[in-house]
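Numbering (this note's numbering), first residue to last: 2 to 193. Cβ coordinates follow ideal geometry from the N, Cα and C atoms, glycine included.
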């Protein structure tokens, strides 16, 4: 599952190209995709997000076709939506105006629902209670980071890159868990 690695590599390369101005506590990750802040970094960042979204849409579509469990399929709908928003972040950079904020909020607020919905569906299977617990808890860590940032708990953070990357890592970790379970054959209960 290379999609998340593409995004992480694009972020790392864009940061490397932006070391003269980018800080984790003072910027948003989307600042890396702003063409006014540096064309090479913006291209790498935005193309990386679009490519990641497309790769994950392909994976999620294939995974959804492979599973027979309706609650899991329904639970993945918010993830499909989140991936469309992720592509939107790359296509509609900060240079596009307010629409960028809309797609960013859409992304960061939609995929936790996929985690909750799929986790709720997996509660039916005793051997996946641990996965359900992870699916419920991980989004709350992201919510804590965002509400703490907005609430001023971290007064030195003037940008939102740290809550953004924290939220991204929760989603990436969750997705890799699903991929690992699927490829180990542990998800036979929802694929047969």
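Requested in this report: Specify whether the segment 60-75 and the segment 26-45 touch according to this definition: at least 3 beta carbon pairs, one from each stretch, less than 8 Å apart.
Outcome: Touching, no, given that fewer than three Cβ pairs across the two stretches are closer than 8 Å.
**Report entry** Any alpha helix (DSSP H) of 4 or more consecutive residues that is wholly inside the segment 93-180
**Finding:** You should have 99-123, 130-151.
Query raised in the report: What residues in its chain sit with their C-beta under 7 Å from that of residue 180, if we drop five residues either side in the sequence?
Result: Counting from one through the chain shown, the residue named residue 180 turns up at place 179. Excluding residues up to 5 positions away in sequence, 2 lie with their Cβ nearer than 7 Å to the Cβ of residue 180 in the same chain.
Query raised in the report: Comparing the C-beta of residue 98 with each C-beta of chain C, is any distance below 8 Å?
Result: In summary, chain C is missing from the structure at hand, where a single protein chain is found.
Requested in this report: Quick one: residues in its chain with C-beta nearer than 7 Å to the C-beta of residue 14, no 5 flanking neighbours on either side, listed in chain order?
Outcome: Locating residue 14 in the chain shown gives position 13, counting from the first residue. Correct list, in chain order: 45.
Report task. Following the continuous alpha helix (DSSP H) through residue 54, name the residue where it begins and the one where it ends. Result -> Your numbering for residue 54 matches position 53 in the chain shown. Unbroken alpha helix (DSSP H) run through residue 54: 40-67.
Query - Under the three-state DSSP convention, the category residue 185 falls into - result: Here residue 185 is taken as the residue at index 184 of the chain shown, counted from 1. The answer is coil: DSSP assigns residue 185 none of H, G, I, E or B.
Report task. Excluding the 5 residues preceding and the 5 following residue 68 in the sequence, name in chain order all residues of the same chain whose CB lies nearer than 8 Å to its CB. Result -> Start at 1 with the first residue of the chain shown, and residue 68 comes out as number 67. Same-chain partners within the cutoff: 74, 188, 191, 192.
Query - residue 139 to residue 171 span [Cα, whole Å] - result: Against the chain shown, residue 139 aligns to sequence position 138. Against the chain shown, residue 171 aligns to sequence position 170. Going from the Cα of residue 139 to the Cα of residue 171 covers about 6 Å.
Report task. For residue 26, count neighbouring C-beta atoms within 10 Å of its own C-beta (all shown protein chains included) and say buried if the count is 16 or more, exposed if not. Result -> In the chain shown, the residue the question calls residue 26 occupies position 25. Residue burial is scored here from C-beta neighbours: residue 26 has fewer than 16 other C-beta atoms within 10 angstroms and is therefore classed as exposed.
Query raised in the report: Alpha carbon to alpha carbon, how far is residue 9 from residue 86?
Result: One-based indexing of the chain shown puts residue 9 at position 8. One-based indexing of the chain shown puts residue 86 at position 85. Approximately 17 Å, taken between the alpha carbons.
Requested in this report: Identify which residue in 70, 162, 156, 155 has its Cα closest to the Cα of residue 123.
Outcome: As a working note, residue 123 is residue 122 in the chain shown. The option with the nearest alpha carbon to residue 123 is 70.
Query raised in the report: Applying the criterion that 16 or more other CB atoms from any shown protein chain within 10 Å of the CB defines a buried residue, is residue 99 buried or exposed?
Result: By one-based count along the chain shown, residue 99 stands at place 98. A residue is called buried once 16 or more other Cβ atoms fall within 10 Å of its Cβ, and residue 99, having fewer, is exposed.
Query raised in the report: In angstroms, rounded to a whole number, what distance separates the CA positions of residue 135 and residue 175?
Result: Position 134 of the chain shown holds residue 135. Position 174 of the chain shown holds residue 175. Cα to Cα, residue 135 sits roughly 8 Å from residue 175.
Report task. Starting from the Cα of residue 114, find the closest Cα among 84, 94, 125, 93 and give me that residue. Result -> Sequence index remark: in the chain shown, residue 114 carries index 113 (1-based). The shortest Cα separation from residue 114 among 84, 94, 125, 93 belongs to 84.
Query raised in the report: Apart from the five residues on each side of it in sequence, which residues of its chain come closer than 6 Å, Cβ to Cβ, to residue 4?
Result: Residue mapping note: residue 4 aligns to position 3 of the chain shown, counting from 1. Hits under 6 Å: 53, 56, 57.
Report task. Taking residue 91 and residue 50 to be in contact with their CB atoms under 8 Å, please state how far apart those CB atoms are, rounded to whole angstroms. Result -> Position 90 of the chain shown, counted from the start, is the residue given in the question as residue 91. Position 49 of the chain shown, counted from the start, is the residue given in the question as residue 50. 3 Å between Cβ atoms; contact.
**Report entry** Cβ-Cβ distance between residue 104 and residue 93 below 8 Å
**Finding:** Position 103 of the chain shown, counting from 1, holds the residue named residue 104. Position 92 of the chain shown, counting from 1, holds the residue named residue 93. Their beta carbons are under 8 Å apart, which means residue 104 touches residue 93 by this criterion.
Query - Straight-line gap, residue 156 to residue 78 (C-alpha atoms, nearest Å) - result: Position 155 of the chain shown, counting from 1, holds the residue named residue 156. Position 77 of the chain shown, counting from 1, holds the residue named residue 78. If you take the alpha carbons of residue 156 and residue 78, they lie about 36 Å apart.
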